[in-house]
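The structure appears right after this line, and notes come after that.
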Amino acid sequence: MTIRTAVLASIAWGFVLVVHAAEPVRVGILGIDNYQAVEYVAFFNDPKADAELAGLRVTAALPVISPDYPESAVLTERWREQILSLYKDQQEVQPVEFVQSLDELLNLCDAVMIWSLDGRLHREQARSVLKSGKRLFIGRPVAAEPSDAVAIDRIAKQLKTPCWSSSQHRFSPGFAGMRNHPEVGKVIGCDVYGGYDLKAADADRFTRPLHSIETLYAIMGPGVERLSCNSTPTAESVTAVWKDGRVGTYRGVKNGAVKYSATVFGDQGVSTAGIYGHGIPIKGVVPTDDRYMGYRGLAIEVAKFFKGAEPPVTLAETLEIFAFLQAMDESRAGNGIMVPLQNLQEAAP
1 MTIRTAVLAS
11 IAWGFVLVVH
21 AAEPVRVGIL
31 GIDNYQAVEY
41 VAFFNDPKAD
51 AELAGLRVTA
61 ALPVISPDYP
71 ESAVLTERWR
81 EQILSLYKDQ
91 QEVQPVEFVQ
101 SLDELLNLCD
111 AVMIWSLDGR
121 LHREQARSVL
131 KSGKRLFIGR
141 PVAAEPSDAV
151 AIDRIAKQLK
161 TPCWSSSQHR
171 FSPGFAGMRN
181 HPEVGKVIGC
191 DVYGGYDLKA
201 ADADRFTRPL
211 HSIETLYAIM
221 GPGVERLSCN
231 STPTAESVTA
241 VWKDGRVGTY
251 RGVKNGAVKY
261 SATVFGDQGV
271 STAGIYGHGI
281 PIKGVVPTDD
291 RYMGYRGLAI
301 EVAKFFKGAE
311 PPVTLAETLE
321 IFAFLQAMDE
331 SRAGNGIMVP
341 LQNLQEAAP
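Spelled out as structure tokens, the structure:
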């Protein structure tokens with residue numbers, strides 16, 4: 001008997017048939033030394049989650065310690081305790097199971113999030129997950145260097161397994177909403193600014209401006225042709241030229257006050273962007289008393305993806321961002337010379 005036939009029969013006989021909802025998508029977390037592992041358990045295992053985040057459940061986690069990554073072991077234990085404390089009094093939520101091997105993790109989930117802080121681990125972690133055929137999201141950075149990012153892209157294509165990566169800044173409403181802001185119109189330029197941490201771990205040195213560069217791409221879109229990068233003790237200053245002639249800039253703040261935002265130039269107007277976690281400005285006023293989104297914007301996109309949607313950010317765009325970071329390094333070494341972006345897929349051996 002089909003569900004439709006059963007429903008019609010139930011109406012005819014005067015009783016209501018309760019159709020049970022589909023089982024939630026089981027999510028596994030690989031690496032928990034990143035605090036975001038805690039946040040996504042909180043989002044997906046909340047028994048009161050709204051429709052945007054409902055339908056997923058973090059079932060298992062595999063701690064992965066990177067011996068030479070600062071505080072990896074300490075953070076792993078700290079976030080393990082926080083994960084275990086979430087919903088411990090909610091009988092309808094099963095606690096996350098901590099496992100000892102990747103095989104155990106894959107047996108307990110339908111999709112995987114990689115949250116290892118050390119991007120040097122991501123290539124091999126991604127390879128193992130993608131071979132299992134399970135959808136994969138990789139927390140920033142997708143990898144620690146361009147060659148590993150290219151390898152992950154190739155593996156995902158060869159195995160035809162959906163995979164993507166992004167900074168949470170890309171989906172902060174005050175940034176994402178600027179591409180189609182009614183007071184700005186078509187975006188013709190953007191000046192982004194944010195922190196540039198000189199004390200970043202060695203493994204993160206290549207990707208430390210990634211949050212702000214993702215913001216630049218969220219507002220301007222892909223298509224950078226060339227850029228120049230000047231470095232001083234106070235700032236990292238980048239000017240990028242898109243193939244259609246638009247210009248975007250990045251100011252990486254090395255000391256002094258740090259704020260993540262942008263100024264957006266359009267064919268209808270000029271506006272400041274929102275600030276991280278908050279909504280778009282209205283008539284130039286940035287909201288700060290609205291609902292704080294933080295990691296929620298990215299969580300919503302991950303939830304859609306794990307439930308079957310296409311990745312909202314292609315690996316091709318992510319590789320362009322890595323080519324952008326590589327060009328920054330080359331320009332900096334050349335005292336600010338203009339450097340064309342490479343096609344990393346074509347350049348890789």
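Numbering (our numbering), first residue to last: 1 to 349.
Glycine residues also receive a C-beta, built at the ideal position from the N, C-alpha and C atoms.
Cβ pair G274, I282 closer than 8 Å: The sequence position of residue 274 within the sequence shown is 274, counting from 1. The sequence position of residue 282 within the sequence shown is 282, counting from 1. Result no, Cβ atoms of G274 and I282 do not sit closer than 8 Å.
7 Å Cβ shell around R246 - same chain, five flanking residues per side excluded: Start at 1 with the first residue of the sequence shown, and residue 246 comes out as number 246. Only I188, G189, M220 meet the Cβ criterion.
Cβ-Cβ distance between G177 and A143 below 8 Å: If you number the sequence shown from 1, residue 177 lands on position 177. If you number the sequence shown from 1, residue 143 lands on position 143. Their beta carbons are not under 8 Å apart, which means G177 does not touch A143 by this criterion.
Buried versus exposed, by CB contacts within 10 Å (16 or more), L198: The sequence position of residue 198 within the sequence shown is 198, counting from 1. The residue in question, L198, is exposed, as its Cβ has fewer than 16 Cβ neighbours within 10 Å.
L105 and V96 closer than 8 Å at C-beta: The residue given as residue 105 occupies position 105 in the sequence shown. The residue given as residue 96 occupies position 96 in the sequence shown. Not closer than 8 Å, so no.
Buried/exposed call for R170, threshold 16 Cβ in 10 Å: Here residue 170 refers to the residue found at position 170 when the sequence shown is read from its first residue. Looking at its Cβ environment, which holds 16 or more other Cβ atoms inside 10 Å, R170 is buried.
Distance between D290 and E183 (C-alpha atoms, nearest Å): To locate residue 183, count along the sequence shown from 1; it is residue 183. To locate residue 290, count along the sequence shown from 1; it is residue 290. Cα to Cα, E183 sits roughly 20 Å from D290.
A303 vs E52 beta-carbon contact at 8 Å: The residue given as residue 303 occupies position 303 in the sequence shown. The residue given as residue 52 occupies position 52 in the sequence shown. In this structure, E52 lies closer than 8 Å to A303 by Cβ.
DSSP bridge partner residues for A240 (one or two, in chain order): Counting from one through the sequence shown, the residue named residue 240 turns up at place 240. BP columns for A240 point to L227, G248.
For A29, the three-state DSSP class (helix, strand or coil): For this step, residue 29 is matched to residue 29 along the sequence shown. The residue asked about is misnamed: residue 29 is Ile in this sequence, not Ala. Strand at I29.
C-alpha gap between I29 and W115, whole angstroms: On the sequence shown, position 29 is the one that residue 29 refers to. On the sequence shown, position 115 is the one that residue 115 refers to. Each residue's Cα considered, the two are about 7 Å apart.
Selection from E145, L102, N107 that minimises the alpha carbon distance to Q125: Your numbering for residue 125 matches position 125 in the sequence shown. Nearest C-alpha to Q125: L102.
For A149, the nearest candidate out of Q36, R127, D329 (CA to CA): As a working mapping, residue 149 is identified with position 149 in the sequence shown. It is R127.
Pair within 8 Å by beta-carbon distance, P47 and Q90: On the sequence shown, position 47 is the one that residue 47 refers to. On the sequence shown, position 90 is the one that residue 90 refers to. Contact: yes.
Assigned secondary structure, Q345 (DSSP; H/G/I helix, E/B strand, else coil): Here residue 345 refers to the residue found at position 345 of the sequence shown. Helix.
Contact check, Y87 vs N45, beta carbons under 8 Å: Translated into the one-based positions of the sequence shown, residue 87 becomes position 87. Translated into the one-based positions of the sequence shown, residue 45 becomes position 45. Yes, the Cβ-Cβ distance between Y87 and N45 is below 8 Å.
Distance, T76 Cα to R179 Cα: Mapped onto the sequence shown, residue 179 falls at position 179. Mapped onto the sequence shown, residue 76 falls at position 76. Using only the alpha carbons, I get a separation of about 37 Å.
Per-residue DSSP class, three states only, for P340: Your numbering for residue 340 matches position 340 in the sequence shown. Residue state, collapsed to three classes: strand.
Exposed unless 16 or more other CB atoms sit within 10 angstroms - verdict on D204: Locating residue 204 in the sequence shown gives position 204, counting from the first residue. So D204 ends up on the buried side.
Heavy atom of the ligand MG within 7 Å of G185 beta-carbon: Questions concerning the ligand MG fall outside what the structure shown contains, since it holds no ligand whatsoever.
Residue closest to E310, alpha-carbon to alpha-carbon, out of N335, M328, C109, T161: Start at 1 with the first residue of the sequence shown, and residue 310 comes out as number 310. Nearest option by C-alpha distance: T161.
Burial state of T365 (16 or more Cβ within 10 Å): Only positions 1 to 349 of the chain appear in this structure, which leaves residue 365 out of reach.
Euclidean distance between Cα positions of V64 and S72: Here residue 64 corresponds to residue number 64 of the sequence shown, with the count starting at 1. Here residue 72 corresponds to residue number 72 of the sequence shown, with the count starting at 1. Roughly 8 Å separates the two Cα atoms.
Option nearest E39 by Cα separation, candidates V253, R296, W242, R78: As a first step, residue 39 is located in the sequence shown; it is residue number 39 there, counting from the start. The shortest Cα separation from E39 among V253, R296, W242, R78 belongs to R296.
Alpha-carbon to alpha-carbon, S271 and P287: Working through the sequence shown from its first residue, we reach residue 287 at position 287. Working through the sequence shown from its first residue, we reach residue 271 at position 271. Whole-angstrom Cα-Cα distance: 13 Å.
Where F206 sits in the DSSP three-state scheme: Within the sequence shown, the letter at position 206 stands for residue 206. Residue state, collapsed to three classes: coil.
Own chain partners of A156 with C-beta closer than 6 Å, once the 5 adjacent residues on each side are dropped: Residue mapping note: residue 156 aligns to position 156 of the sequence shown, counting from 1. Excluding positions up to five away in sequence, the list reads L130, C163.
Assigned secondary structure, M113 (DSSP; H/G/I helix, E/B strand, else coil): As a position in the sequence shown, residue 113 is number 113, starting the count at 1. DSSP places M113 in strand when its eight states are reduced to three.
Cβ shell of S237 (< 8 Å), same chain only, five flanking positions each side left out: What you label residue 237 is simply residue 237 of the sequence shown in a count that begins at 1. So the list reads C229, N230, S231, T249, Y250, R251, G252, once near-sequence residues are dropped.
CA nearest to the CA of A257, picked from Y196, E145, P67: Here residue 257 is taken as the residue at index 257 of the sequence shown, counted from 1. Taking only the C-alpha atoms, the option nearest A257 is Y196.
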